[in-house]
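Step one of this worksheet: look at the structure below.
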Amino acid sequence: MVEETVELKGHIIDSLLLPKVLDQVLARGAEYEIARIDIGVRRSDPSYARIILRTDNKSIMDELLATIKVHGAEPVESEDACLVAADLVGAFPEGFYATTNLRTEVRLGGIWLTVENQEMDRGIVVDTTAARAVCKPMHRIAMGDMVVVGHRGVRVIPAERREWGTLFGFMNSDISPEKPKLALVREIARELWNCRSEKKKTLFVGGPALIHTGAADSLAYLVREGFISVLLTGNGLAVHDIENALYGTSLGIRLRDGTPVQGGHRNHLRAINTIRRLGSIKAAIETGLVTYGVMHACISKGIPFVLAGSIRDDGPLPEVITDVVKATDATRDLIRGAHLALVVASTLHAVALGNILPAATRMVVVDINPAALTKLSDRGSFQTIGIVSDSGLFMRQLVETLQEGC
Amino acid sequence: MDSFLMCPPDYFGIEYEINPWMRLSNQSDPGRARSQWQELHDVLTGELGAAVELIEPVPGLPDLVFTANAGYVVGNVFISSAFKHKERQGETPHFDAWFQAHGYNIRKLGPGCIFEGAGDALPLGETVFAGYRHRSEICSHQELAEIIGRRVLSLELADPAFYHLDTCFCPLSAGTALYFPAAFDDYANRVLQENVPDLLALSEASARQFGCNALLAAGTVVMNTGCGDLEQPLADRGYKLRMVELSEFMKSGGSAKCLTLRLG
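From first to last, the protein sequence lines are chains R and L.
Using numbering that gives the first Met the number 0, the letters of the first sequence correspond one by one to residues 0 to 405.
Using numbering that gives the first Met the number 0, the letters of the second sequence correspond one by one to residues 0 to 263.
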């Protein structure tokens, strides 16, 4: 596929120059996409159109460009991307192009390649023989990798909202407690329902507050019923989920009635110790020690999960990945192609995931603290919609809505 | 009062071929050219009471007589032409000097963009109609619109015999214009139909006598001879027709409009 971008300026609407150029494109069996159009407000104001042209045949493209140039369609200067071989392992060459999370394309030999594994704050490595461009984190750079340097021959495609239907049309990424929660929950439920029927990947990211607020059953339901494809969390959620399974408490509070249990503050350490003695959470489930909860649902349903470690973890549980680079890579491998990420009550995981998700994956973030949601937007994860809510109530409402049928 | 710029045809002749009308084998007669030009001049200044300014003719620049191509005049701004053919590029310094000396603000378009002045840009009401393909390039339309702050509608000229817009389109007053439809592509015809309420289409015979290469002064439309079929339609619209024999200039692809540049 050969692709070029042209600009058309002036009184292109009244002069019928825009339809004339587009007719020329179609007459040659080529395709166009109007990437941008600014229509003059008053009669005397000029208009502007930026048009992407695509065809399979380079000679048709050359002939088309020559024809429409007469009518004022000027090619936007485009050059191939500049590539520099990595001179160190684990580091980019100086002047490397730093990515965003938006769909990005790199021009090589006059052809635009879509960058694979799009992530923000990465470099782009190009395999010229295979004509592939891939986002790579610094630590994965090998000696001699051809890395894109500078901005030449790189273009970023703005996020497309339309394909996101009512849920994201309904919300416009504003974060506010003043939103009709029930209507939003219904939209999210419908989205989850659709994802399940269309076999689209959904991620669930949660913090231990989910267990503290009594949402373990609701989350386990989402896992069991196939609404969640991947669980991404840390040590805490798994610990308190198992504490609840073993002792009926979370951080020593009995979840049934919200009362503190004598010596309950040790329950989570006892739970961790038990699991460590058995060797894994999986073993605890297989031996029948843990019979319900979120981790039980994941393991018995074969839902993949990543427990990413942190400096404040107790234990940690054996499945926790304590090497941060390995944990990021494991997460990265599981999130590919995800359609929707539901992030509940976990600022740290939400920010971390926001960093590695492409803009094509939409995030619904639920947190009791509006600042957690603002933090994500401020970091550039603008594909996020935020809902200010208690996680326990949100999850219960979501499950009830799903059970009612969408 | 109507005022025009003209250039006496002292050095006019067919010295090269840059449009389908010009043939080195079909030379003009200097004596007849002089008398035809003089008649046009006298009709304007005498019968129609217009003011005519003159620019000094220059040896070696035979087409300097076609002052319409000097540039585009709006108020006291003169947007100087950038000729397509090197044969005519030598005219620009002379026109620029004349307009400079007469107190005009001279504007130039960006480099590399061909623009042949009032030959390809004609105002009608608040809109300027501008031709492209054979001489002026469409980039000049965008620049013209920026300078004058008006809507400029681009019209593609389809027939090389009608190589400038003023050979196939003649605005008379807001709403009325003469035109020759076959000289335009389909899009340009639609633009004209949508933006000019009263289009008076010429017969092919009148169009080939350059009936559109006309000028309007004091309610009279002045054009080459052989366009008598326009008398009644013009009269119906309240205009008089005054034909002047300009056959010597037709050999060069020019007529009444090409020989004059409206100053006011």
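Beta carbons are placed, not taken as given, at the ideal position from N, Cα and C, and that holds for glycine.
The structure presented is a predicted model; accordingly, all values stated were derived computationally and were not measured.
Under the three-state reduction of DSSP, R:Lys-198 is assigned to coil, being neither helix nor strand. In the three-state reduction of the DSSP assignment, R:Asn-100 falls in the coil class, being assigned neither a helical nor a strand state. For L:Phe-161, DSSP records no beta bridge to any residue. Against chain R, the CB of L:Ser-139 has no partner CB under 8 Å away; the residue lies outside that interface. In the three-state scheme derived from DSSP, where H, G and I count as helix and E and B as strand, L:Phe-94 is classed as helix.
Scanning its chain for C-beta atoms nearer than 8 Å, with the 5 sequence neighbours on each side dropped, one finds around R:Thr-360 the residues Leu-202, Ile-334, Ala-337, His-338, Leu-339, Ala-340, Gln-382, in chain order. By the neighbour-count criterion, in which 16 or more other beta carbons inside 10 Å mark a residue as buried, R:Val-88 falls on the exposed side. In chain order, Asp-13, Ser-14, Leu-15 make up the part of chain R whose C-beta sits under 8 Å from the C-beta of L:Val-190.
Counting every other CB atom within 10 Å of its CB across the protein chains shown gives R:Gln-396 a total of 16 or more, marking it as buried. From the listed residues R:Lys-200, R:Tyr-31, R:Asp-120, R:Arg-265, the smallest Cα separation to R:Ile-355 is found for R:Asp-120. Contact between L:Leu-43 and L:Phe-3 holds: CB atoms are separated by about 6 Å, below the 8 Å threshold.
DSSP, read as helix, strand or coil, puts R:Glu-30 in strand. Listed along chain R, the residues sitting closer than 8 Å to L:Ala-144 by beta-carbon distance are Gly-9, His-10, Ser-43, Pro-45. Identification of chain R residues near L:Leu-201 by a Cβ-Cβ cut-off of 9 Å yields none; the smallest Cβ-Cβ distance measures about 23 Å. Within the DSSP secondary-structure output, R:Glu-6 pairs in a beta bridge with R:Arg-49, R:Glu-73.
Taken through DSSP and simplified to helix, strand or coil, L:Phe-11 comes out as coil. Within the region 58 to 84 of chain R, those residues whose Cβ lies closer than 7 Å to any Cβ of chain L are, in chain order, Val-69, His-70, Gly-71. Taking one beta carbon from each stretch, the region 289 to 307 of chain R and the region 227 to 247 of chain R have 3 or more pairs nearer than 8 Å; the two touch.
Between the region 15 to 29 of chain L and the region 159 to 174 of chain L there are three or more C-beta pairs closer than 8 Å, enough to call the two in contact.
Interface criterion met: the Cβ of L:Arg-132 is under 8 Å from a Cβ in chain R. Within chain R, the residues placing a beta-carbon under 7 Å from that of L:Leu-152 are His-10, Asp-13, Ser-14, ordered along the chain. Judged by DSSP secondary structure, R:Cys-81 falls within the beta strand (DSSP E) whose first and last residues are 81 to 84. The Cβ of L:Tyr-186 sits closer than 8 Å to at least one Cβ of chain R. The beta carbon of R:Lys-300 sits closer than 7 Å to the beta carbons of Val-222, Arg-223 from its chain, once the five residues preceding and following it are set aside; these are given in chain order.
For R:Glu-115, the secondary structure class from DSSP, reduced to helix, strand or coil, is strand.
Listed along chain R, no residue sits closer than 7 Å to L:Gly-124 by beta-carbon distance, the nearest being about 11 Å off. Taking a Cβ-Cβ cut-off of 8 Å, the neighbours of L:Gly-148 in chain R comprise Ser-43, given in sequence order. Per DSSP, L:Glu-155 is one residue of the beta strand (DSSP E) stretching across 150 to 155. Taking 8 Å as the cut-off, the Cβ atoms of L:Leu-262 and L:Ala-255 do not count as close. Residue range 29 to 41 is occupied by the alpha helix (DSSP H) that includes L:Arg-33, with no beta strand (DSSP E) assigned at that position. Non-local beta-carbon contacts of R:Ile-271 in its own chain, meaning distances under 7 Å to residues more than five positions away in sequence, involve Val-238, Asp-313, Gly-314, Leu-316 in chain order. For R:Met-362, the beta-bridge partners assigned by DSSP are R:Ala-340, R:Thr-383. The region 84 to 96 of chain L and the region 61 to 70 of chain L touch, with no fewer than 3 CB-CB distances between them shorter than 8 Å.
Counting along the chain, R:Thr-346 sits inside the alpha helix (DSSP H) bounded by residues 346 to 355.
Within the DSSP secondary-structure output, R:Thr-54 pairs in a beta bridge with R:Val-1.
The three-state reading of DSSP puts L:Lys-83 in coil, since its state is none of H, G, I, E or B.
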